[in-house]
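Residue numbers (the working numbering), protein chains in the order written: chain A, 15 to 394; chain B, 15 to 394.
2 protein chains.
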Amino acid sequence: MLFEKTMSTTQIPQKIIKLLLIKSGGRCQYKGCNISLYQDLITKRFFNKAYLAHIVADSPGGPRGDSVRSSLLAKDLSNIMLLCDTHHRLIDKIEVDEHPESLLLGMKKEQEERIDRITAINPNSQSHIVTYKANVGEHTPVLTYETLVEFLLPEHYPAQSNTIDLGLTDSPIRDKDEEFWTTEMKVLEENFNQRLKHSIRQQSIKHISLFAFAPMPLLIKLGVLLNDIQNVEVHQPIRNPKTWNLTTKSIKTTHKVKKPKSVNSSVALNISLSATIKNERITKILSDDCSIYTLTIDKPFNDYLQSKSQLQDFSVVIRQLFNEIKSNYTTQTELHVFPAMPIAIAIELGRVWMPKADMPLIIYDQNKTFDGFNKTIKIC
Amino acid sequence: MLFEKTMSTTQIPQKIIKLLLIKSGGRCQYKGCNISLYQDLITKRFFNKAYLAHIVADSPGGPRGDSVRSSLLAKDLSNIMLLCDTHHRLIDKIEVDEHPESLLLGMKKEQEERIDRITAINPNSQSHIVTYKANVGEHTPVLTYETLVEFLLPEHYPAQSNTIDLGLTDSPIRDKDEEFWTTEMKVLEENFNQRLKHSIRQQSIKHISLFAFAPMPLLIKLGVLLNDIQNVEVHQPIRNPKTWNLTTKSIKTTHKVKKPKSVNSSVALNISLSATIKNERITKILSDDCSIYTLTIDKPFNDYLQSKSQLQDFSVVIRQLFNEIKSNYTTQTELHVFPAMPIAIAIELGRVWMPKADMPLIIYDQNKTFDGFNKTIKIC
């Protein structure tokens, strides 16, 4: 039988015992002890070794007993402590006088409050699905709650059964149209301010699962807006295998940085990750008199990003590269960015760019309509 | 009777039920739920509302039932989950197929490991969560009890279920505004005195877990206020991997100190850790006639700080550097500090600065709005 060794003769109801087990966490309630009373820490076997100790004894002659209160409190949860053998002996046999009722009540209260407070700590698993799409060439992707929600599980649950959209619903303007960039920038900033910023400050949004599909410049801008917001999981559309989830398995990609031979008046950053951008395509726009830094990998290709570790590695490399370029110029010099990179990488680039300290970025976009790169937006 | 509403007919032994109550902490084991099953959170009354749910049903025709394993596992602790009414219905009636055995086993294991891990935390290791935030650029970070408490575990547990906040709740004043620094300094000092100083002296606060997000000058001031208080764990927001915890693994970072060629009338300290600050940006403000000491590392970058050992190393280096600079000047000479460093490092700098013995510090803040560094506060 459980608890057979309790020193009292009172039959304590199972209901009371169960509540005490939960409130105590099955651990000794003597101040500072906390030993597990349902597992042998040596053999790891689970069995009960708890004692039910009366604070006011259940008989007037027992420890802290009282002619009236002993019988009243005999089956009262507030009068029973869960203790290990050692501390049961201590309070009931060895040092009875040193353990008055008030001391034990204090210990019990403090322990139960602690167990309640810490078991209530629940890793937040609610996430808000945020989407951002803008026309890429002739393609308009589909990003709906139904198609995306599966990519939150099992780490997160959707906090609400719809998405928070930062883009235009169905814009007729294409990225070759002149007004495209100004319109989209305005829409993105306003939607961000209205639909996200306030909720984040109010802390009603605690975690964001981000799904985006847009031209590089707008993705970078999106990253800038999300800059310091801690809990954002940036999803990446992967072609093979088809998914929106980067793997947690570590994949090593060596980033290579090529530096220009001289510090010229204008400076460009060639990001050749999903494809290779030839420097001639940059000098064609900025003239030969520009310094070009290049960030690339072995065999650039559009589906190389598969793992969160690759995203982290990029983050470190681009941060160091921003610092290095800045150390050769001033914080006012414009850095011309020519990007060929996956979606999540573009967003990450925006997130690591520091508004107070970093050089302004002029972002170019590859578009065949213009026979090459086209100057689009400024990040500053 | 307890557990009368379980859908099965198996009589589960009381011994098994008691172990499950302890292992689950009396909380719903469905991932993300964690609701207390022995207390009504509205009326605060204690009573049982837990369901015992079989993972593999106790009859072959039930949810996840099996002709052989159903009877074998009917009374097995490893096959029974403690659930609330909602999630019991969900897994047994509404979405049976979506809840296969392996998913439920995973939830049960994760929940029981969490409860065991947190109830095992030494009862003396309680800590108060102190937050400090002030606007950095356009971003206002989120620092709530819910988002931070997990970073205390497993070394500490929260002493109370709320945070002690030293900053303004939602200030409209930005760090480019003129009144920003005086307002924030006043708020920080007053809140520190009112909300912390007394409790620390009274020893009702024994350990502080500090989470801060603010411009460098205010973080240094915060460090100065915490100067003498021994038990403060300074947390650092790390981008990759995303956490507020510095690792206990030792990481070696070599700090490099560059000394000026001559002792001129004014003296500056260039701290290039999270980014490189060019000396021209300092002489632009202080004139060419100033001596500049530089403290830097290989490849400065904003996420270099990952380990407590790096923080300790910095502490030693900056202490020695303060002494050296002071030996060439007087304790009345103002030291102009130009900082680019991680949050925890800024706080540490403030903590090692000795109010009685060290030179007064004039702290500058990088802000592109002012085309470079901006003089902010004086520490003396």
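Heads up, the beta-carbon is just placed ideally off N, CA and C, and yes, glycines get one too.
All figures in this text were calculated on a predicted structure; none of them were measured in a lab.
Euclidean distance between Cα positions of residue i and residue j
i: Gln320 of chain B; j: Lys220 of chain A; result: 24 Å
i: Gly316 of chain B; j: Arg295 of chain B; result: Note that residue 316 of chain B is Asn in the sequence shown, not Gly. Their Cα atoms are separated by approximately 19 Å.
i: Leu300 of chain B; j: Tyr378 of chain B; result: 11 Å
i: Glu203 of chain A; j: His142 of chain B; result: 38 Å
i: Phe194 of chain A; j: Asp302 of chain B; result: 48 Å
i: Gly46 of chain B; j: Pro168 of chain A; result: 11 Å
i: Ala226 of chain B; j: Thr145 of chain B; result: 6 Å
i: Glu109 of chain B; j: Leu283 of chain A; result: 52 Å
i: Thr390 of chain A; j: Asp312 of chain B; result: 35 Å
i: Tyr44 of chain B; j: Pro114 of chain B; result: 13 Å
i: Leu375 of chain A; j: Asp184 of chain A; result: 28 Å
i: Thr20 of chain A; j: Ala64 of chain A; result: Only weak support is given to the placement of Thr20 of chain A: the predicted model assigns it a pLDDT of 48, under 50, and the question is left unresolved by the model.
i: Phe236 of chain B; j: Asn149 of chain A; result: Reading off the sequence, residue 236 of chain B comes out as Leu, not Phe. Cα to Cα, Leu236 of chain B sits roughly 47 Å from Asn149 of chain A.
i: Glu112 of chain B; j: Val70 of chain B; result: 14 Å
i: Ser323 of chain B; j: Gln28 of chain B; result: 50 Å
i: Trp367 of chain B; j: Cys304 of chain B; result: 22 Å
Residue i classed as buried or exposed, judged by whether at least 16 other C-beta atoms fall within 10 angstroms
i: Phe387 of chain B; result: buried
i: Ile222 of chain A; result: buried
i: Cys394 of chain A; result: exposed
i: Val156 of chain A; result: exposed
i: Tyr159 of chain A; result: exposed
i: Leu55 of chain B; result: exposed
i: Ala385 of chain A; result: First, the amino acid is wrong: residue 385 of chain A is Asp here, not Ala. Asp385 of chain A should be labelled exposed.
i: His101 of chain B; result: buried
i: Glu247 of chain B; result: buried
i: Ala371 of chain B; result: exposed
i: Ser464 of chain A; result: Absent from the model: residue 464 of chain A. The displayed extent of chain A is 15 to 394, so no value can be given.
i: Gly120 of chain B; result: exposed
i: His350 of chain A; result: buried
i: Asn7 of chain B; result: Only positions 15 to 394 of chain B appear in this structure, which leaves residue 7 of chain B out of reach.
i: Arg41 of chain A; result: buried
i: Arg59 of chain A; result: exposed
i: Asn245 of chain B; result: exposed
i: Lys147 of chain A; result: buried
i: Val82 of chain B; result: exposed
Residue interval of the alpha helix (DSSP H) (run including residue i)
i: Met230 of chain A; result: Met230 to Leu239
i: Glu160 of chain A; result: Tyr159 to Leu162
i: Ser85 of chain B; result: Arg83 to Leu86
i: Val366 of chain B; result: Ile357 to Val366
i: Leu119 of chain B; result: Glu115 to Thr133
i: Arg295 of chain B; result: Asn293 to Leu300
i: Lys200 of chain B; result: Phe194 to Phe206
Local conformation of residue i per DSSP, three classes
i: Gln174 of chain A; result: coil
i: Gln216 of chain A; result: coil
i: Arg333 of chain A; result: helix
i: Ser305 of chain A; result: strand
i: His101 of chain B; result: helix
i: Glu247 of chain A; result: strand
i: Phe352 of chain B; result: strand
i: Asp179 of chain B; result: strand
i: Lys256 of chain A; result: coil
i: Arg188 of chain B; result: coil
i: Thr383 of chain A; result: helix
i: Phe328 of chain A; result: helix
i: Phe315 of chain A; result: coil
i: Lys147 of chain B; result: strand
Residues sharing a beta bridge with residue i, DSSP
i: Leu91 of chain B; result: None, per the DSSP bridge assignment.
i: Gly75 of chain A; result: Paired residues: none, contrary to the question.
i: His142 of chain B; result: B:Ile222
i: Phe60 of chain B; result: B:Gln53
i: Tyr378 of chain A; result: A:Lys389
i: Leu96 of chain A; result: A:Leu66
i: Val277 of chain A; result: Answer is none; Val277 of chain A lacks a bridge partner.
i: Thr310 of chain A; result: A:Lys270 and A:Ser286
First and last residue of the uninterrupted beta strand (DSSP E) at residue i
i: Gly386 of chain B; result: Gly386 to Ile393
i: Gln28 of chain A; result: It is not in any beta strand (DSSP E) - Gln28 of chain A instead sits in the alpha helix (DSSP H) that spans Gln28 to Ser38.
i: Val156 of chain A; result: Unbroken run through Val156 of chain A: none, as it is neither H nor E.
i: Ile285 of chain A; result: Ser280 to Ser286
i: Lys270 of chain B; result: Lys270 to Lys272
Cutoff 7 Å: residue i Cβ touching any chain C Cβ
i: Lys272 of chain B; result: Here the protein chains are A and B, and chain C is not one of them.
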